[in-house]
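Quick note on my numbering: the sequence shown kicks off at 1 and runs consecutively.
Let me begin by presenting the structure, written as structure tokens, before commenting on it.
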Amino acid sequence: MVTWRHHLHKHPELSFKEEMTSDYIASILESHNIEIHRGLAVTGIIATIHGQKQGGVIGLRADMDALPIQELNEFSYKSVHDGKMHACGHDGHSTMLLGAAIYLKEHNDFSGTVHFIFQPAEEGGGGGRVMVEEGIFDKFPCQAVYGMHNFPGIAEGQFAVHDTAVMAANETLKITIKGKGGHAAMPDLCIDPVVVGAQIINALQTVVSRNVAPLNSAVVSITMVNAGFASNVVPDEMELTGSLRYFSNEIGNKVKDNIKSIVEGISKSMGATAIFDSIPNYPATINTPKHAELCAIAASMVVDSNNVLRNEQPTMGSEDFAFLLNASEGAYIWIGNGLVPEDGPKGGCMLHNTQYDFNDEILHIGSSYWIQLVKNILK
Ligand SMILES: [Zn+2]
Ligand SMILES: [Zn+2]
1 MVTWRHHLHK HPELSFKEEM TSDYIASILE SHNIEIHRGL AVTGIIATIH GQKQGGVIGL
61 RADMDALPIQ ELNEFSYKSV HDGKMHACGH DGHSTMLLGA AIYLKEHNDF SGTVHFIFQP
121 AEEGGGGGRV MVEEGIFDKF PCQAVYGMHN FPGIAEGQFA VHDTAVMAAN ETLKITIKGK
181 GGHAAMPDLC IDPVVVGAQI INALQTVVSR NVAPLNSAVV SITMVNAGFA SNVVPDEMEL
241 TGSLRYFSNE IGNKVKDNIK SIVEGISKSM GATAIFDSIP NYPATINTPK HAELCAIAAS
301 MVVDSNNVLR NEQPTMGSED FAFLLNASEG AYIWIGNGLV PEDGPKGGCM LHNTQYDFND
361 EILHIGSSYW IQLVKNILK
């Protein structure tokens, strides 16, 4: 498994371009006579293993894509693809699922069928969405689907399982303020969109603090500001771009209503007009308690129940496994990659960091979890 992981790490590919990755995984599956279906969401692979007896059907998912990051690690298997890096551990996720598939092919003393889902484009490409749109669950009906992501900051040998919310929904905010440009020395003849934008940015800081109940969560961040081209010209327009995160659609909709009121109200009061739009990226990743319990039991059988953290705080990050969970029941868990601080064990380096690496010491733990989950559910 370490050999596979290092091969994948050395050859990272970006979203929907995981061609060599997909070929490599497919060749290992085929060399073990495992039935595969390719081409779903461009590079996706579904590998299917039947147990000795008939029974239910479940899906297990790993992601395959890398990030557009220049790797700064200096080990033998560092990325040979310039500007691309497995900085989120998807090399490890694919390897753990591959290990479980090969084990279960050789030890198929379970009742039912397992679909092993190797998914492209988790990093912003929405590979999970495309798989659902291309009919993954029509072609491969599953009673439930399960996902797992490594998590730096959680110790090696531990898991974290959430009963409901794990990761937030993520939308891109776009605000265009239209004023009236002109000479910087004659502001009275202009409607300055920069001043309007400044008021809006300030006022947006109250959306969460004054409108969302303190024990609920949302984030509104303006992250890009774009206006103007010369020091002596008031521009016509200003564009603000940002990020919205939330767990419940009710709160997400309330926050968007508040943003719209502020954007339109401030613009109107200052003589400008504004357009507000929010583009959904990923929905929230919300587990079903029944399936979270099955995951926690399987994890406890691998690492002991003391090492299965229950209902830790979710993160405001997001995950496109949400699309699979919106189309099927299931659950998504975290496997510890090692503790921070960064001068501690290497597994503690945060995701998407130039020095991140998946921890090889957890490969067998993750594979054992998948195997145990199958044996528990498909008894
Ligand atoms: Zn990532
Ligand atoms: Zn990831």
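Virtual Cβ for every residue (Gly too), placed ideally from N, Cα, C.
#1: Who are the Cβ neighbours of E171 in its own chain at under 7 Å, not counting the five residues just before and after it?
#2: Is the number of C-beta pairs between the stretch 227 to 235 and the stretch 146 to 165 that are closer than 8 Å three or more?
#3: Compare the Cα-Cα distances from F16 to each of G39, H6, H32 and report the closest residue.
#4: Measuring only from the beta carbon, is H352 closer than 7 Å to any heavy atom that is part of ligand 1?
#5: Judging by CA-CA distance, which residue of H86, G55, I45, H32 is the nearest neighbour of H352?
#6: What is the residue span of the alpha helix (DSSP H) that K178 lies within?
#7: Going straight from the alpha carbon of H9 to that of S231, what length do you get?
#8: Are the Cβ atoms of A168 and F118 separated by less than 8 Å?
#9: Following a CB-centred definition, is E123 positioned closer than 7 Å to any heavy atom of ligand 1?
#10: Would you say I297 and G157 are within 8 Å of each other, going by their C-beta atoms?
#11: Is G59 closer than 8 Å to G127 when the C-beta atoms are compared?
#12: From this set, V80, V263, P141, D23, which residue's C-alpha is nearest P120's C-alpha?
#13: Going straight from the alpha carbon of D91 to that of C349, what length do you get?
#14: Looking at T354: is its Cβ nearer than 8 Å to the Cβ of I69?
#15: Beta-carbon within less than 6 Å of A380's beta-carbon, same chain only, minus the 5 sequence neighbours each way: which residues are those?
#16: With C-beta atoms as the reference, is L97 less than 8 Å away from F75?
#17: Does the pairing of the stretch 288 to 308 with the stretch 359 to 376 give three or more beta-carbon distances under 8 Å?
#18: Rounded to the nearest angstrom, what separates F140 and V42 at their Cα positions?
#19: Reducing DSSP to helix, strand and coil, say where F16 ends up.
Considering the structure as presented:
#1: L244, S278, I279, P280, N281.
#2: Not touching, per the Cβ criterion.
#3: G39
#4: yes
#5: The candidate whose alpha carbon is nearest that of H352 is H86.
#6: From DSSP, K178 is part of no alpha helix (DSSP H) but of the beta strand (DSSP E) over 169 to 178.
#7: 47 Å
#8: no
#9: yes
#10: no
#11: With respect to the 8 Å criterion, G127 and G59 are not classified as neighbours on the basis of their beta carbons.
#12: If you compare the alpha carbons of V80, V263, P141, D23 with that of P120, the shortest gap goes to D23.
#13: 16 Å
#14: yes
#15: In the structure as shown, the chain begins at 1 and stops at 379. Residue 380 is therefore absent and cannot be evaluated.
#16: no
#17: The stretch 288 to 308 vs the stretch 359 to 376: in contact.
#18: 17 Å
#19: coil
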